[in-house]
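The listed protein sequences correspond, in order, to chains A and B. Numbering of the first sequence is given in the numbering used here, commencing with residue 1 and proceeding in unit increments. Numbering of the second sequence is given in the numbering used here, commencing with residue 1 and proceeding in unit increments. We treat Cβ as the ideally placed atom computed from N, Cα and C, and that holds for glycine. Following: one structure in structure tokens, then a few remarks.
2 protein chains.
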Amino acid sequence: MGEIKLIGLDADDTLWESEIYFAQVEEKFLELMDKYSSDGDLEKTLSSNEITNLRLFGYGVKSFTLSMIETAHIASKGTISSSDIELIISWGKELLQHPVTFLEGVEETVRSLSKEYNVFIITKGDLLHQRSKIEESGLDTIVAGFEIFHEKDPESYLDFLNGLDIKPENFVMAGNSLRSDVLPVAAIGGRAIHIPHDLTWDYEKVADQSASASSYSIVESISDLPQHLAQEIR
Amino acid sequence: MGEIKLIGLDADDTLWESEIYFAQVEEKFLELMDKYSSDGDLEKTLSSNEITNLRLFGYGVKSFTLSMIETAHIASKGTISSSDIELIISWGKELLQHPVTFLEGVEETVRSLSKEYNVFIITKGDLLHQRSKIEESGLDTIVAGFEIFHEKDPESYLDFLNGLDIKPENFVMAGNSLRSDVLPVAAIGGRAIHIPHDLTWDYEKVADQSASASSYSIVESISDLPQHLAQEIR
Ligand SMILES: [Mg+2]
Ligand SMILES: [Mg+2]
């Protein structure tokens, strides 16, 4: 194993809760739509609209909010009231303002890793919201830096590592998303560590076969990361 | 004058048209709202909602789209139809897809500046949309790099320059916005060049007195930039 010159930590659902807040809003959305829609699988319709809109709208709350409005319009056959649409927008605003809720062990672990290693928070999506959460968390004062990718694909990781003059074999990335944190890093020859979260957005999951073709490790909690890295090095 | 080690070029309304597309959508919006609203100054109401929402939504098309929907809801007293809201969202999608339209002289000037200097495109706002435009323009293959700030304030410029190990006195920034491209750069001791554009978003303008307290130069067109820089050095 190469020397570790940089550890990247994902943020949403790795350092703090995120998906749970989206799930809560989705539940309220489905409830609201009860009186408008006979779509038996509205959850799936919303999810499919979200994914269709990703290409144009990208990730994040504003994108999700616009997808809910579009889904509401279509599913209600154009009958949803303007005040219910305003309600959906207010949920979006709430999502953008929910306080940072750390997952267990995060603060101690990030502090301890940062003493020994060069640690960056690496996340993706909405520049303003991601940055606000990082600053609110206070972790930006502990880690060496943070970076917000437009997409966590192999190219973005490579560009980022090139900028810091670090080779992939000296890079470790840990996070909850196989699609974003694990597979692209394994693909470029970095060391990827999966920290599963009970709630992970469906889009971030990948089929077992593509994951199993790839080499990465799994730790149950971020608290296990320092020991895992220490053992790997030996 | 210090040696020029980096030239930053703003993108929207400096390299290519942007505000004109927002203005066209705003015109369609005001027309649509005619049948719903008696607000004599709906343009001002929309603009004020946009600015209120900046803190949470940030810059860009998605933010603008959500602000139009909110303004439509309020101005119509809750009577706007769901299909008209869908129409507003479709305008947002159009805005995200309009082709890059260079301002006059941009390609030649960027090419010529890049031969002599280290040139970066420095823009702000929506990560995905800004990046898409930069890539579509092809200018990313000519310049040394690009950076998308969450906000063009003195701190962001300083962080960026620190990362490249460049002192403000060796930095030149050129762009159409006094608020974003000129004043913050002048404030940190960089050299700011204003390239006015006929259409500039009101929010990017600043009162004359704050601008006049600051030291910067003005060129009429980006085509004049190489000669302006050459003369300054002499
Ligand atoms: Mg995550
Ligand atoms: Mg501009």
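Considering residue i, what are the terminal residues of the alpha helix (DSSP H) in which it resides?
i, result
"residue 144 (chain B)", "Run containing residue 144 (chain B): none; DSSP gives neither H nor E here."
"residue 73 (chain A)", "61-75"
"residue 58 (chain B)", "Counting along the chain, residue 58 (chain B) falls outside any alpha helix (DSSP H), and DSSP gives it neither H nor E."
"residue 115 (chain A)", "106-116"
"residue 92 (chain B)", "82-97"
"residue 164 (chain A)", "154-164"
"residue 184 (chain B)", "183-187"
"residue 137 (chain A)", "127-137"
Return the CA-CA distance between residue i and residue j, expressed in angstroms with no decimal places.
i, j, result
"residue 14 (chain A)", "residue 5 (chain B)", "39 Å"
"residue 58 (chain B)", "residue 96 (chain A)", "11 Å"
"residue 186 (chain B)", "residue 164 (chain B)", "19 Å"
"residue 84 (chain A)", "residue 229 (chain B)", "55 Å"
"residue 195 (chain A)", "residue 53 (chain A)", "28 Å"
"residue 204 (chain A)", "residue 181 (chain A)", "9 Å"
"residue 17 (chain B)", "residue 176 (chain B)", "11 Å"
"residue 188 (chain B)", "residue 147 (chain B)", "18 Å"
"residue 7 (chain B)", "residue 166 (chain A)", "26 Å"
"residue 183 (chain B)", "residue 130 (chain B)", "22 Å"
"residue 56 (chain B)", "residue 63 (chain B)", "9 Å"
"residue 25 (chain A)", "residue 90 (chain A)", "10 Å"
"residue 10 (chain A)", "residue 51 (chain A)", "21 Å"
"residue 92 (chain B)", "residue 224 (chain A)", "45 Å"
"residue 116 (chain A)", "residue 119 (chain B)", "36 Å"
"residue 107 (chain A)", "residue 231 (chain A)", "21 Å"
"residue 86 (chain B)", "residue 102 (chain B)", "30 Å"
"residue 206 (chain B)", "residue 27 (chain B)", "24 Å"
"residue 267 (chain B)", "residue 128 (chain B)", "In the structure as shown, chain B starts at 1 and stops at 234, and residue 267 (chain B) therefore has no counterpart that could be examined."
"residue 94 (chain B)", "residue 61 (chain B)", "10 Å"
"residue 76 (chain A)", "residue 77 (chain B)", "20 Å"
"residue 49 (chain B)", "residue 35 (chain B)", "20 Å"
"residue 221 (chain B)", "residue 140 (chain A)", "40 Å"
"residue 45 (chain A)", "residue 135 (chain A)", "34 Å"
"residue 105 (chain B)", "residue 168 (chain B)", "27 Å"
"residue 162 (chain A)", "residue 74 (chain B)", "49 Å"
"residue 158 (chain A)", "residue 158 (chain B)", "25 Å"
Residues in the same chain with beta-carbon distance under 8 Å from residue i, minus the five sequence neighbours each way, listed in chain order, please.
i, result
"residue 88 (chain B)", "29, 32, 65, 68, 69 and 72"
"residue 23 (chain A)", "199"
"residue 19 (chain A)", "12, 13, 197, 199, 200 and 201"
"residue 98 (chain A)", "21"
"residue 81 (chain B)", "none"
"residue 160 (chain B)", "122, 147 and 149"
"residue 219 (chain A)", "174, 193, 194, 195, 225 and 228"
"residue 178 (chain A)", "194, 204, 205, 206 and 211"
Go through its chain and collect everything with a Cβ distance to residue i's Cβ below 6 Å, but skip five positions before and after it.
i, result
"residue 137 (chain A)", "100"
"residue 191 (chain A)", "172"
"residue 156 (chain B)", "149"
"residue 133 (chain A)", "100"
"residue 217 (chain B)", "193"
Following the continuous beta strand (DSSP E) through residue i, name the residue where it begins and the one where it ends.
i, result
"residue 124 (chain A)", "119-124"
"residue 194 (chain B)", "191-194"
"residue 174 (chain B)", "171-175"
"residue 8 (chain A)", "6-9"
In its own chain, which residues sit with a C-beta less than 7 Å from the C-beta of residue i, not counting the 5 before and 5 after it?
i, result
"residue 243 (chain B)", "With chain B represented from 1 up to 234, any question about residue 243 (chain B) goes unanswered, as that position is not in the structure."
"residue 215 (chain A)", "186"
"residue 3 (chain A)", "170"
"residue 47 (chain B)", "202"
"residue 79 (chain A)", "36"
Which one or two residues does DSSP pair with residue i in a beta bridge?
i, result
"residue 34 (chain B)", "According to DSSP, residue 34 (chain B) bridges with nothing at all."
"residue 217 (chain B)", "B:193"
"residue 16 (chain A)", "A:12 and A:102"
For a cutoff of 8 Å on Cβ pairs, would you count residue i as touching chain C?
i, result
"residue 128 (chain B)", "This model lacks chain C altogether; the protein chains it does include are A and B."
Cβ contact (3+ pairs, closer than 8 Å) linking the segment 109-124 of chain A and the segment 147-165 of chain A: As far as the Cβ criterion goes, the segment 109-124 of chain A touches the segment 147-165 of chain A, which means the pair count is three or higher.
Touch test, the segment 37-49 of chain A against the segment 109-118 of chain B, Cβ-Cβ under 8 Å, three pairs minimum: By the C-beta criterion, the segment 37-49 of chain A is judged not to be in contact with the segment 109-118 of chain B, since fewer than 3 inter-stretch pairs fall below 8 Å.
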